[in-house]
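Notes for the one structure printed next.
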Amino acid sequence: MSETTLDQVLTQRRESNKDIINVDEPTVKLVIFALGEQCFAFHGERIREILAQTDVFFVPGCPSSLEGVINVRGDIESVIRPHELLHLSDNSVGSHSSILLGRGAGMSSGIRVDRVIDVVDVPQGSIQPAPATLPEHMRTLVLGVLHFQEQPVAVLDLDKMFADYARGLG
Amino acid sequence: MSEYTAPAPGCVLEPLDLVLFSAGGWRVGIEARRVCGAHPAPHGESVTEVAALLGLAHLAPLVPLAPLEPLEPMRPVAAADTTPGARQCLSLKHAAGVREIHVEAPVELVGLSAAAIHPLPPLLAARTHLPGLCALVFPPAADACVLLFDATVLGADA
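Written out as structure tokens, the structure is:
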């Protein structure tokens, strides 16, 4: 006679069901990037293009956070450096830096990032609400946080970023 | 103030005549219809410096800009000294007569298509410190853009 009990069977079945991924769970596309040692992300629908080495034309009379303008197939777009807006130290441009061409608050602009990490689809449920311990300047800019490759990633609100930048912040 | 009539949707605009000059190391342009003349700047005469009016006086100068390739042949302003850096006096149309400003040579009259003139991107327009900066031109193979200004900043009639 088997010594297996019903309880054992049911327990084993419950444990195995925990590993089942709900394929119907909605996913969110994120563009994950690094600014210095910190990781951030934008929602994928906000990013039109990712540009690698692109000539930036300097325009005088702008804050240092406005790097210049670029010509994207005949359209002139600004390039901003978000470091000051996010209260991060802004090191010189590295060889791995890229420009994310984003759209928010009815405007479009390039955003200089130090490194693009990945473009991924993540379950919507994996993005947690922004913690209350965030610094004050970040609370209105962070939509949520998640972990990617064991690193915390803050999902940023591009609408708010562009609106704040236009108002003179950063 | 002059009346403004928006162009009909889809209409092809004629090339825009611009007067280009140098100021504070930058290549700068204003609408040619605001300019009524130019002559070499008299020595010792105190005339308004354009670089200060445009906010370019204390900004780092740039490498020399490659010449524009206009739709129409470039016409140097009559009797103008085209030696880079030479002082020229531009006469701007003004309700009270003429306003003269000092600019740097070469002073050129060019015609540019609407496609070559780019409005400021919104974030740049929101954050620029240069009064009257309204558009940019990107000459082919050039290292820098040409800055187009609203001539009313220089004291021309609106």
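First to last, the protein sequences are chains R and X.
If you're matching positions, the first sequence starts at -11 in my numbering and goes up one per residue.
If you're matching positions, the second sequence starts at 20 in my numbering and goes up one per residue.
Just so it is clear, CB atoms sit at the ideal spot from N, CA and C, and this is done for glycine as well.
Assigned exposure category for residue i - 16 Cβ within 10 Å defines buried
i                  : result
Thr(-8) of chain R : exposed
Leu87 of chain X   : Its pLDDT being 49, under 50, Leu87 of chain X is placed unreliably in this model, and the value from its coordinates should be taken loosely. Buried.
Asp43 of chain R   : exposed
Pro70 of chain R   : buried
Gln0 of chain R    : exposed
Glu65 of chain R   : buried
Gln107 of chain X  : buried
Glu123 of chain X  : buried
Ser77 of chain R   : exposed
His135 of chain R  : exposed
Ala135 of chain X  : buried
Glu3 of chain R    : exposed
Glu119 of chain X  : buried
Residue i versus residue j - alpha carbon distance
i                  : j                  : result
Gly49 of chain R   : Leu73 of chain X   : 10 Å
Val133 of chain R  : Phe45 of chain R   : 34 Å
Thr121 of chain R  : Arg127 of chain R  : 9 Å
Glu50 of chain X   : Pro140 of chain R  : 53 Å
Leu39 of chain X   : Ser114 of chain R  : 56 Å
Leu111 of chain X  : Leu144 of chain R  : 49 Å
Leu128 of chain X  : Leu37 of chain X   : 6 Å
Val54 of chain X   : Leu109 of chain X  : 7 Å
Lys17 of chain R   : Ser86 of chain R   : 19 Å
Asp102 of chain R  : Val110 of chain R  : 22 Å
Val117 of chain X  : Ala170 of chain X  : 13 Å
Ala142 of chain R  : Ala163 of chain X  : 36 Å
Ala97 of chain X   : Ala133 of chain X  : Reliability of the predicted coordinates at Ala97 of chain X is poor, the pLDDT of 41 falling under 50, and the value obtained from them is presented with this limitation in mind. One C-alpha to the other measures close to 26 Å.
Arg46 of chain X   : Ala144 of chain X  : 19 Å
Ala161 of chain X  : Ala154 of chain R  : 29 Å
Leu54 of chain R   : Leu139 of chain X  : 13 Å
Pro150 of chain X  : Gly32 of chain R   : 36 Å
Leu(-2) of chain R : Ala29 of chain R   : 41 Å
Ser41 of chain X   : Gln116 of chain R  : 54 Å
Ala105 of chain X  : Gly56 of chain X   : 17 Å
Pro123 of chain R  : Ala115 of chain X  : 57 Å
Arg52 of chain X   : Arg146 of chain X  : 28 Å
Gln41 of chain R   : Gln(-4) of chain R : 60 Å
Gln137 of chain R  : Leu(-6) of chain R : 39 Å
Pro14 of chain R   : Ala175 of chain X  : 59 Å
Met93 of chain X   : His113 of chain X  : Reliability of the predicted coordinates at Met93 of chain X is poor, the pLDDT of 45 falling under 50, and no value is obtained from them.
Val31 of chain X   : His84 of chain R   : 42 Å
Member of the options whose CA lies at the smallest distance from the CA of residue i
i                 : options                               : result
Asp152 of chain R : R:His84, R:Gln139, R:Leu73, R:Gly98   : R:Leu73
Ala118 of chain R : R:Val141, R:Cys27, R:Val130, R:Glu3   : R:Val130
Asp12 of chain R  : R:Arg34, R:Glu65, R:Gln112, R:Ile105  : R:Gln112
Leu131 of chain X : X:Cys30, X:Pro34, X:Ile120            : X:Pro34
His58 of chain X  : X:Ala145, X:Ala114, X:Val126, X:Val69 : X:Val126
Val67 of chain R  : R:Arg61, R:Leu76, R:Val47             : R:Val47
Phe168 of chain X : X:Ala161, X:Leu75, X:Gly116, X:Pro159 : X:Leu75
Val60 of chain R  : R:Leu76, R:Cys27, R:Leu39, R:Asn79    : R:Leu39
His148 of chain X : R:Gln41, R:His31, R:Pro51, R:Thr15    : R:Pro51
Leu26 of chain R  : R:His75, R:Gly158, R:Gly156, R:Gln116 : This sequence places Gln at residue 26 of chain R; Leu is not what is there. Comparing Cα positions, the closest option is R:His75.
Gly24 of chain R  : R:Asn79, R:Gln41, R:Leu(-6)           : R:Asn79
Ser97 of chain R  : R:Glu37, R:Glu3, R:Gln41, R:Val(-3)   : R:Glu37
Val172 of chain X : X:Cys153, X:Pro61, X:Ala115           : X:Cys153
Pro158 of chain X : X:Gly48, X:Glu68, X:Ala25, X:Gly174   : X:Gly48
His125 of chain R : R:Glu138, R:Gln137, R:Leu157          : R:Leu157
His137 of chain X : X:Arg52, X:Ala115, X:Ala114, X:Leu166 : X:Leu166
Beta-carbon proximity check, residue i vs residue j, cutoff 8 Å
i                 : j                 : result
Leu89 of chain R  : Ile20 of chain R  : no
Ile105 of chain R : Ala22 of chain R  : yes
Leu155 of chain X : Val57 of chain R  : yes
Gly92 of chain R  : Asp147 of chain R : yes
Leu142 of chain X : Met149 of chain R : no
Ala70 of chain X  : Gly29 of chain X  : no
Ala25 of chain X  : His121 of chain X : no
Residue i: CB within 7 Å of a non-hydrogen atom of the ligand ATP
i                 : result
Asp162 of chain X : With respect to the ligand ATP, the structure shown offers nothing to examine, as it has no ligands at all.
(request) Entirely within the region 39 to 69 of chain R and at least 3 residues each: give me those beta strand (DSSP E) ranges in chain order. (result) 54 to 60, 63 to 68
(request) Would you mind listing the alpha helix (DSSP H) stretches within the region 83 to 143 of chain R that are 4+ residues and don't spill past its ends, in chain order? (result) 124 to 127
(request) Ignoring anything shorter than 3 residues or poking outside the region 30 to 73 of chain X, list the beta strand (DSSP E) runs there in chain order. (result) 35 to 42, 45 to 50, 54 to 59
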